[in-house]
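Q: Mind having a look at this structure? Questions to follow.
Number of protein chains: 4
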Amino acid sequence: MVGYAFMGAAHSHAWRTAPRFFDLPLAPRMTAIAGRDAERVAAAADKYGWESSETDWRRLVERDDIDLIDVCVPGNLHAEITIAALEAGKHVLCEKPLANSVEEAERMTAAAAAARERGVFAMCGFSYRRTPALSLAKRLVDSGALGPIRHVRAQYLQDWLTDENAPLTWRLDKSKSGSGSLGDIGAHVIDAAQWISGTNLTGVSALLETFVKERPVGGDFVGLGGHGGTDGPKGPVTVDDVAAFTARFEGGAVGVFEATRFALGRKNAMRLELNGTKASLAFDFEDMNALSFYDRADEPNAGFRRIQATEPEHPYTGNWWPVGHGLGYEHGFTHQVVDLVGSIAAGEQPEPSFEDALQVQRVLAAVEASAADESRWTAV
Amino acid sequence: MVGYAFMGAAHSHAWRTAPRFFDLPLAPRMTAIAGRDAERVAAAADKYGWESSETDWRRLVERDDIDLIDVCVPGNLHAEITIAALEAGKHVLCEKPLANSVEEAERMTAAAAAARERGVFAMCGFSYRRTPALSLAKRLVDSGALGPIRHVRAQYLQDWLTDENAPLTWRLDKSKSGSGSLGDIGAHVIDAAQWISGTNLTGVSALLETFVKERPVGGDFVGLGGHGGTDGPKGPVTVDDVAAFTARFEGGAVGVFEATRFALGRKNAMRLELNGTKASLAFDFEDMNALSFYDRADEPNAGFRRIQATEPEHPYTGNWWPVGHGLGYEHGFTHQVVDLVGSIAAGEQPEPSFEDALQVQRVLAAVEASAADESRWTAV
Amino acid sequence: MVGYAFMGAAHSHAWRTAPRFFDLPLAPRMTAIAGRDAERVAAAADKYGWESSETDWRRLVERDDIDLIDVCVPGNLHAEITIAALEAGKHVLCEKPLANSVEEAERMTAAAAAARERGVFAMCGFSYRRTPALSLAKRLVDSGALGPIRHVRAQYLQDWLTDENAPLTWRLDKSKSGSGSLGDIGAHVIDAAQWISGTNLTGVSALLETFVKERPVGGDFVGLGGHGGTDGPKGPVTVDDVAAFTARFEGGAVGVFEATRFALGRKNAMRLELNGTKASLAFDFEDMNALSFYDRADEPNAGFRRIQATEPEHPYTGNWWPVGHGLGYEHGFTHQVVDLVGSIAAGEQPEPSFEDALQVQRVLAAVEASAADESRWTAV
Amino acid sequence: MVGYAFMGAAHSHAWRTAPRFFDLPLAPRMTAIAGRDAERVAAAADKYGWESSETDWRRLVERDDIDLIDVCVPGNLHAEITIAALEAGKHVLCEKPLANSVEEAERMTAAAAAARERGVFAMCGFSYRRTPALSLAKRLVDSGALGPIRHVRAQYLQDWLTDENAPLTWRLDKSKSGSGSLGDIGAHVIDAAQWISGTNLTGVSALLETFVKERPVGGDFVGLGGHGGTDGPKGPVTVDDVAAFTARFEGGAVGVFEATRFALGRKNAMRLELNGTKASLAFDFEDMNALSFYDRADEPNAGFRRIQATEPEHPYTGNWWPVGHGLGYEHGFTHQVVDLVGSIAAGEQPEPSFEDALQVQRVLAAVEASAADESRWTAV
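Residue numbers (full-length UniProt numbering), protein chains in the order written: chain X, 1 to 380; chain P, 1 to 380; chain Z, 1 to 380; chain F, 1 to 380.
Here's what the structure looks like:
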C-alpha cells in the first residue's frame, strides 16, 4: 500500500478484516506499506499491521512478493504509480478520483486495459458502492423495481470548511487534489448516480464557487479541517468550495447535483434520490444503514419505507451481525477488498473499473468546462 | 372573490375563519363571489359562505359595497382583473404567480403603485410565507442568527403527474397557466428563498423538461391530477414538467432549485434549506409544523433541532391551540387575511407586494430564457 | 354549547366549518352558547359565531330551538348536564373523559341508553379518533392487515408542567378534573388503543406519581400552563402528574401505557404503536399527518412506511386539500361533527358511544385502584 | 477467550482491532480460544485470529501465558468459569447478563472483590455503554445538563420471534439462558438506564408473557432466529417472550421498561429516553450514531437536536473517521477492550464492575418475582 493517512487507515483495516468475516478465495498478506518519511511509515506499518515498510513506492513495484498495490495518496501521484504498478504486473486498487485530469485518467485506463489482457486487474476505490444500503439500491434498480428513472437528486454536503479560519490542507491545493468539493466528494455522488441508475451523464450545466479565497497556512489540524492561526500567514485556496450542476442522463432522467463543504450542520450527507415511474429510492449517509424506498404498488397506503439494510438477504450484511445491528463507514472498504479479491481469483474485472472511473473524470471535466463558460450546456 | 376552485375554497375558509381566532381591526364581510357559470357560482357562494354571487367579475369591480377583491383564477386573467379593480379603488389580493409574463406583471405593479398613492393596496398570495415554521425561519434570519448565507437549497417536489395517463388540466396549458412546475410550484420556493434570505437572485442557469408530451383530454379528475382515459383523444402538454436551476443571490449565496411533479413519493415536499456561517435552517412542508435549526454555537453537541413551531412565542400560533397541536395547510391563508386586513387598516403596504411578486416573475422569465439558450447564465 | 374555553373554541370551529367542506344531511345552526359570566359568554358567542348566549346551561336544555347540546366544561359537570339534556330529548356531544367517576359514567350511560330508545343520541368527544392517520390505522386493523396483535405501546407525553412554578389550574384540581395526566391525556390513548385494536383492556398494573405537590395560585397563564408567581401563595396539586401501567387486552396483546406532562421536549406526543403478527402500525401526533406502517409481506425489503394520510382514498381527507397538504389539530373536531350529524340523520348510534366511554372510565378506575394497592394486577 | 459464536466473533474483532486505532498501554496477544468441539474451535481460532485453541476452558485457566479470560458462552456457564479464572489470577471480561441467578451473581461478585484485592479485575460486557452516542449521553447527565431526572423510558424491541415457526435455540431454553427477552435484551436497557441516570432502580411492578409456548426443534437457523420445520417435533419455550415493567429510581424518577422479540418491524430498537427538568435525551440503536438532545435553555426555539455523535470531542470517535462517518455495532466491543486494557494497566477497576452487573441481576430477579406475584410492587 502507498500512503498512510485517512485512506491508508481505512484500507489497512479492510485488508486486515476482510478475511475474518468473509471466506476469501485468496489469503491476502499485508506485505509492505510505502511512504516518504522512514520513521513515520515504519510506525504506520506497525500500527496498521503491515509486515514491512518502504520509503519509495517504486520499491513496492519492484518487489516480487507483492501482487497488488493499493494506492492511497493524493490524486497528482495516481497516474505515475498505478501505471508503473500495472506495467509491472501488479493488480491495482486506486483511490478516487482516478486522476487529476482526463488526460491522466485516459493513460491510466489504457494501462489498465493492457494489463487486463495479461490477467492483471485495476479497480478504483469508490467505496460507497459497497455500503450495503447503496448496494441494495443498485440491486433494486437492476431488478426493474423503479421503472424508467425521471429524476436523480445527488448531494454531498459537509461543513468542515464553514469556519473561514480552517487551515489550508492538501485538499485545498489544486496541484495535489485536482479540484475541491467537486473531485473530493462530488465524484462519489457522480459515480453512485451513474452506477445505481445504470446510465451515464450526457451533459451538464455547472457553477463552481470558492467562498473563502485564502486560508491560514498551518494551525491545529482536526479531522479533515481544524483551526488555523488567526495572525499567521495565509495561502490561496486554489480549488472550488462548492460545485452545483444540472445534468441529463442517457435514459432521459434529469439530474441535480451539489457538492459542498460549507453546508453547516451537514456532516457527511452523501445523499442520493432516484424517482422512477414505478418506485423511488432515497439514501443519506448520515443514516447509512437505511434505504428509503417508495413503491407505487403500495398506493394508496404507500410511503417511503425505511429499510434497515441489515437483513441476511441484503448485500454483505449476512456476514456481519444480526439485523438492526448497524455497520459503519469502514465496512465499505472491507467489502471492496472482498470483491476485489474475489474478482482477481476468478480472473474477472472488478468494479468499478478504470473505465468507470474515467467516465466520472469526464463528468468532472465537463463540470469545470461549463462553469468556465457561463454555465453553458457541456456534453460529457 | 373571483374564482371558486381549489384556491377559492382555501381563500373563502380564510375569510370566514380569520376573525374567529384573531382580533381584526376591520370586520371583513364576504359580500360576493364571481364565476362564469351562474348555477355553480351560486352553489359555491352558498357552500363557502358568500352573501351573493355574480357571473361577471366586472360586477364586483362596479359594486360599491365591495372594498377588496380576491383573485383566485388562472394566471392569464390576473392582469385584467387586478388592474381594473385597483383602478376602481378596490384593494386586491391576487393569487400567485402574479402573471403569466413579466410584461403583465409590470403593468400590474404599476397599477398597484398608482393605487397605493390613493391608499389602495395590492398583495400577492404567496401563502406559504405565513406557514408558522417559515415565518419563524424568516424571523431567525432577520435576527442575524444565521450570519452570511452561503447556500440556499430549494425544492418543490410533487408526484401527481408521474402517471403518464393523468389527464390534461388547465395547469398543463401554457395559455392559461403561463408555465408548468416552474410557475405553479417553483414560484413558491423562489419567493420563499428570496424573502427568507432577504436577498434577491441575480442570475440563473436553467433546464426545463417536459417528460410526457401529450395526455388524455378528460378522464377522472382527482385532486390536482387523476386518471385519464386510455383510448380517448390526447392533447399536447405545453408547459414544463420539471424546472431545475442553479442560481446566485445578491449576498453571494449559491442556490440550487428544483420544481417537479414527477418526484414519485414526494407529495408536497416544498423544501428550503439555508446554510449560514453561524446557523442553518431546513424546512419540508410534508412536516409542516416543524423547522429544523442548527446552531454552530451548540457545537460540539450541535445537531439539527426539530423545533415544533407551535409555541405561543412563534408567529401566529398563539392564537390557535396549545403547543404541539399542529396546524394545517389552510392556516397560511387565514394568516394572510389577518395580515392583509391589518395592513389595510393601518394604511400600510401588505407583503408580499406586487413589487415582490414582479421580482419572482423576473426570475421565472430568466429561468425560461436560460433554458432556451443552452442553460447559459442569465441575469435576473 | 356549554363552555367556551380551549374545547369551546375547537368545537365552535368544527360546527362552523363542517358544512363548508362536507355535504351534511342536516344543516346545523349554532343557536346558543352558555357560560356563567354574562359578559364573557356574550363575547364568546360573538367571537365563535353563536347566535345567542345564556348564563345558565339549564336554559339550553329548556329551549325548543335547540336539538343538540355540546358539553365542553370540566368533567365534574358532565353528568348533571348530559343527563338533563338527554332526558329533555336533546342529542349530546360530551367532551372526554366522560365523567370523574365510574358511578357518574354509569348513570350517564344509562341515560344515553334510555334516550337512544327515543331516537336521541349521545356521543363522547374522543376527537383523536378522527385524525385521518388514526382513522386509517383503524381501517387497516379492521381489514385484517395486522393479524393478531401482540403488542400495544401507548404514550401521551407533554411537558407543560416541567416547570415547578407553572400555576395551579383546574386541570390540577381533582374536584374539577377527576384526575391528572391519567384522565386528561391518558384517556385519549386508552380509547385509541381499544378502538383501533378492536379489543378492550382486561386488567392493569399501575403506578401514579405527583412530582410537584404544590404550585402557585395564580400567575401568568399561557396555553395550558404558564408561569406562576414565585413568592405568592401555593396550593396543593391533587392529581397525578404521571400515570404508567402495563395492561393486557382481550385478544392476548400486552400493553404498556404512559401519560405525563413532565416529558421535557415532548409537546403533544400522543403515540400509539401496534405490533401484529403480519404488520405493525405507529403514530405520533407530533407528526400528525403521517402513519407508519410495516408490512411483513414486504420483507426482506420491508421497513416502516411513512404514509402521508392525505390521499383522497384516506378517511376524510378527500374533502380538503390535495395530497401532502396537511391538516391540523382542529380537523378531528370537524370530522367529529360530520360523523355525529350523519349518524343523527341516519338514526344510528354515533361512535364513540357512552358505552365506549364508560369502558375507558373503567380502565381509569382500575389504574387508580391498582396504583393504590401496590400496583397489584387489577381487572378492568 | 471461551466461546466462538456471535459474541465470540464480536469480541475477537475487538481484540484484533483495538490496538490498530487506539494507543493501548499494554499490547494484548490473542493467545488461545476454547470450545468443546476440537475441529470447530480450531477453525474459529484460525478465522478469528487466535494463536491456539483448547477444547476445555479449564486449560485457559491453567495456562501461564494467559492473563485475561474473555467469557462468551451462555449464562449458565458464567459462574464456574469466571470464578475459576479469577481465583487463578486471570482478569476476566464476562458477557452479560452476569449470571442466571442472583445467587450465582453474588458468588461471582465476591470472587471479583477478592481478586481485586490482588490486583486482578473483572468486568461485565454491557457493551452498549461504549456506543459513542450513549457514552455521550452519560457525559451529558454527569455534567448536570439534565437536572433532576423525572422520567426514564427504556425499550429493547426486536422482532425475530414474531414468526411462530422460528426454531428453538439456546436463547429460548431457560436452563441455558436464564430468561428470555428479560435477560437477553432487557438487561441491556436496565444497565444503560441505571448507568446513564447515575441512579439504581428501587422497585418494579412487572409482567412477563410467553406468546408462543412451543417451537420447532431444529430448522433453518438465520441470524438469531430463522425458520423451523413445520411438521417436525416441537419443544417448549421456557422463557419469557416479553417483559414489561414500571419502575422507580433512587432519585425519584419513574421508569417504564419493555423488552420483546415480537415487535414486528423493530429490528434492534434499543431505546432510552431521559426527561430531566433542564434537558432531555433520547437514543435508538436503529440510528446508533445519533443522540437526540433537548435543552430547555433553547426555548422557545428548542427542539430535539439530532447530534451525530461523531465529533472529535465525543467519546471514542476521534480515533476513527471524520465527522459524520458513522461507526457500527462492533465498535462498542472495541471500545470495551480499550477501556478494559487501560484500567488493567492503571490498576483500576474497569466499569461495569461485577457489582454493577449484580445490581442488574437483582433487577431481573425482582421483575420475575413481581410477575409471579400479580405484578405486585417488588423492591430491588
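Beta carbons: idealized from backbone N, C-alpha and C, even for Gly. Values in this document were obtained by computation on a predicted structure and should not be read as measured data.
Suppose contacts are defined by Cβ-Cβ distances below 7 Å. Is residue 336 of chain X in contact with residue 130 of chain X by that definition?
A: Against the first sequence, residue 336 of chain X aligns to sequence position 336. Against the first sequence, residue 130 of chain X aligns to sequence position 130. Yes, the Cβ-Cβ distance between residue 336 of chain X and residue 130 of chain X is below 7 Å.
Q: Any Cβ of chain Z within less than 7 Å of the Cβ of residue 301 of chain X?
A: In the first sequence, the residue the question calls residue 301 of chain X occupies position 301. For residue 301 of chain X, the answer is yes, since a Cβ of chain Z falls inside 7 Å of its Cβ.
Q: I'd like to know whether the C-beta atoms of residue 257 of chain F and residue 249 of chain F end up nearer to each other than 7 Å.
A: Residue 257 of chain F sits at position 257 when you count from the first residue of the fourth sequence. Residue 249 of chain F sits at position 249 when you count from the first residue of the fourth sequence. Not a contact, by the Cβ cut-off of 7 Å.
Q: Do we get a CB-CB distance below 7 Å when we pair residue 262 of chain F with the residues of chain Z?
A: In the fourth sequence, counting from the first residue as 1, residue 262 of chain F sits at position 262. At least one chain Z Cβ lies under 7 Å of residue 262 of chain F.
Q: State yes or no: is the C-beta of residue 219 of chain Z within less than 7 Å of the C-beta of residue 167 of chain Z?
A: Start at 1 with the first residue of the third sequence, and residue 219 of chain Z comes out as number 219. Start at 1 with the first residue of the third sequence, and residue 167 of chain Z comes out as number 167. A contact, by the Cβ cut-off of 7 Å.
Q: Could you please tell me which residues of the region 226 to 245 of chain X, in chain order, have their CB closer than 9 Å to any CB of chain P?
A: Listed by position, the residues of the region 226 to 245 of chain X near chain P (Cβ gap below 9 Å) are 241, 242, 244 and 245.
Q: Using the C-alpha atoms, what's the distance from residue 183 of chain Z back to residue 71 of chain Z?
A: Looking up residue 71 of chain Z in the third sequence gives position 71. Looking up residue 183 of chain Z in the third sequence gives position 183. Cα-Cα distance, rounded: 17 Å.
Q: Is residue 258 of chain F close to chain X, meaning its C-beta is less than 7 Å from at least one C-beta of that chain?
A: Reading the fourth sequence from its first residue, position 258 is the one you call residue 258 of chain F. No, residue 258 of chain F does not count as interfacial toward chain X.
Q: Quick check on the burial criterion: 16 or more other C-beta atoms within 10 angstroms. Buried or exposed for residue 230 of chain X?
A: Translated into positions along the first sequence, residue 230 of chain X becomes position 230. With fewer than 16 Cβ atoms within 10 Å of its Cβ, residue 230 of chain X is classed as exposed.
Q: Do we get a CB-CB distance below 7 Å when we pair residue 215 of chain F with the residues of chain Z?
A: Counting from one through the fourth sequence, the residue named residue 215 of chain F turns up at place 215. Closer than 7 Å: no.
Q: Would you mind telling me which residues of chain P sit closer than 9 Å to residue 280 of chain X, beta carbon to beta carbon, in chain order?
A: For the purposes of this step, residue 280 of chain X is taken as residue 280 along the first sequence, with counting starting at 1. Neighbours of residue 280 of chain X on chain P, chain order: 159, 263, 264, 265 and 266.
Q: Answer yes if the region 361 to 368 of chain Z comes into contact with the region 312 to 323 of chain Z, meaning at least three C-beta pairs across the two stretches below 8 Å, and no otherwise.
A: Segments in contact, no.
Q: Can you give me the Cβ contacts of residue 109 of chain P inside the same chain, cut-off strictly under 7 Å, excluding the 5 residues immediately before and after it?
A: Counting from one through the second sequence, the residue named residue 109 of chain P turns up at place 109. Contacts found: 354, 355 and 358.
Q: Quick one: what's got a C-beta closer than 6 Å to residue 85 of chain Z's C-beta in the same chain, skipping five residues either side?
A: Position 85 of the third sequence holds residue 85 of chain Z. Result list for residue 85 of chain Z: 61, 69 and 92, in chain order.
Q: Taking its Cβ as the centre, do 16 or more other Cβ atoms sit within 10 Å of residue 181 of chain X, making it buried, or is it exposed?
A: Residue mapping note: residue 181 of chain X aligns to position 181 of the first sequence, counting from 1. So residue 181 of chain X counts as buried.
Q: Grab the span of the beta strand (DSSP E) containing residue 171 of chain P for me, first residue to last.
A: Counted from its first residue, the second sequence places residue 171 of chain P at position 171. Note, residue 171 of chain P: premise wrong, no beta strand (DSSP E); not H, not E.
Q: Just curious, the alpha helix (DSSP H) that residue 105 of chain P is in, first and last residue?
A: To locate residue 105 of chain P, count along the second sequence from 1; it is residue 105. Start and end: 102 to 117.
Q: Taking the C-alpha atoms as reference points, what is the distance between residue 80 of chain Z and residue 350 of chain Z?
A: Indexing the third sequence from 1 puts residue 80 of chain Z at position 80. Indexing the third sequence from 1 puts residue 350 of chain Z at position 350. Computed Cα separation, rounded: 21 Å.
Q: Please list, in chain order, all residues of the same chain as residue 338 of chain P whose beta carbon is under 7 Å from its beta carbon, the five residues on each side excluded.
A: The residue you call residue 338 of chain P lines up with position 338 of the second sequence. Only 18, 22 and 24 meet the Cβ criterion.
Q: What did DSSP end up calling residue 211 of chain Z once you bin it into helix, strand or coil?
A: Stepping through the third sequence from its first residue, residue 211 of chain Z is reached at position 211. Coil.
Q: So what does DSSP say about residue 157 of chain X, is it helix, strand or coil?
A: Stepping through the first sequence from its first residue, residue 157 of chain X is reached at position 157. In the structure shown, residue 157 of chain X sits in a strand (DSSP, three-state: E or B).
Q: Here's the rule I'm using: 16 or more other beta-carbon atoms within 10 Å means buried, otherwise exposed. How should residue 152 of chain X be labelled?
A: Taking the first sequence and counting its residues from 1, one reaches residue 152 of chain X at position 152. Result: buried.
Q: What residues in its chain sit with their C-beta under 7 Å from that of residue 173 of chain P, if we drop five residues either side in the sequence?
A: Looking up residue 173 of chain P in the second sequence gives position 173. Cβ neighbours of residue 173 of chain P beyond the five flanking positions: 238.
Q: Residues bridged to residue 275 of chain Z by DSSP?
A: Residue 275 of chain Z sits at position 275 when you count from the first residue of the third sequence. In DSSP, residue 275 of chain Z forms a bridge with Z:151 and Z:280.
Q: Is DSSP giving residue 145 of chain P helix, strand or coil here?
A: The residue labelled residue 145 of chain P in the question sits at position 145 within the second sequence. Note: residue 145 of chain P maps to coil in three-state DSSP.
Q: Taking the beta strand (DSSP E) that residue 32 of chain Z belongs to, which residues open and close that run?
A: Along the third sequence, one-based indexing puts residue 32 of chain Z at 32. 32 to 34 is the extent of the beta strand (DSSP E) around residue 32 of chain Z.
Q: If we cut at 7 Å on Cβ distances, does residue 221 of chain P have a partner in chain F?
A: If you number the second sequence from 1, residue 221 of chain P lands on position 221. Cβ-Cβ to chain F under 7 Å: no for residue 221 of chain P.
Q: Go to residue 47 of chain X, then tell me how far its alpha helix (DSSP H) extends in each direction, as first and last residue.
A: Mapped onto the first sequence, residue 47 of chain X falls at position 47. Counting along the chain, the alpha helix (DSSP H) containing residue 47 of chain X begins and ends at 38 to 48.
Q: What ranges does the alpha helix (DSSP H) occupy inside the region 330 to 367 of chain Z, keeping only unbroken runs of at least 4 residues that lie completely in it?
A: Qualifying alpha helix (DSSP H) stretches, in chain order: 331 to 346.
Q: Which residues of the region 318 to 335 of chain X have a Cβ closer than 9 Å to any Cβ of chain F? Give them in chain order.
A: If the cut-off is 9 Å between Cβ atoms, the region 318 to 335 of chain X has 318, 320, 321, 322, 323, 324, 325, 326, 327, 328, 329, 330 and 331 near chain F.
Q: Taking only three categories from DSSP, how would you classify residue 205 of chain Z?
A: Numbered from 1 along the third sequence, position 205 holds the residue referred to as residue 205 of chain Z. Strand.
Q: Consider the Cβ of residue 273 of chain F: report whether some Cβ of chain P lies at a distance smaller than 7 Å.
A: Start at 1 with the first residue of the fourth sequence, and residue 273 of chain F comes out as number 273. Chain P, which has no Cβ nearer than 7 Å to the Cβ of residue 273 of chain F, makes this no.
Q: Within the 7 Å Cβ cut-off, does residue 304 of chain X reach chain Z?
A: In the first sequence, counting from the first residue as 1, residue 304 of chain X sits at position 304. So, interface residue.
Q: In whole angstroms, what separates the C-alpha of residue 95 of chain F from that of residue 7 of chain F?
A: Counting from 1 along the fourth sequence, the entry for residue 95 of chain F is found at position 95. Counting from 1 along the fourth sequence, the entry for residue 7 of chain F is found at position 7. Roughly 8 Å separates the two Cα atoms.
Q: Could you tell me which chain P residues have their CB closer than 7 Å to the CB of residue 134 of chain X, listed as they occur along the chain?
A: As a working mapping, residue 134 of chain X is identified with position 134 in the first sequence. Residues of chain P passing the Cβ test: none, with the nearest at roughly 18 Å.
Q: Just how far apart, CA to CA, sit residue 37 of chain F and residue 47 of chain F?
A: In the fourth sequence, counting from the first residue as 1, residue 37 of chain F sits at position 37. In the fourth sequence, counting from the first residue as 1, residue 47 of chain F sits at position 47. Taking the straight line from one Cα to the other gives about 15 Å.
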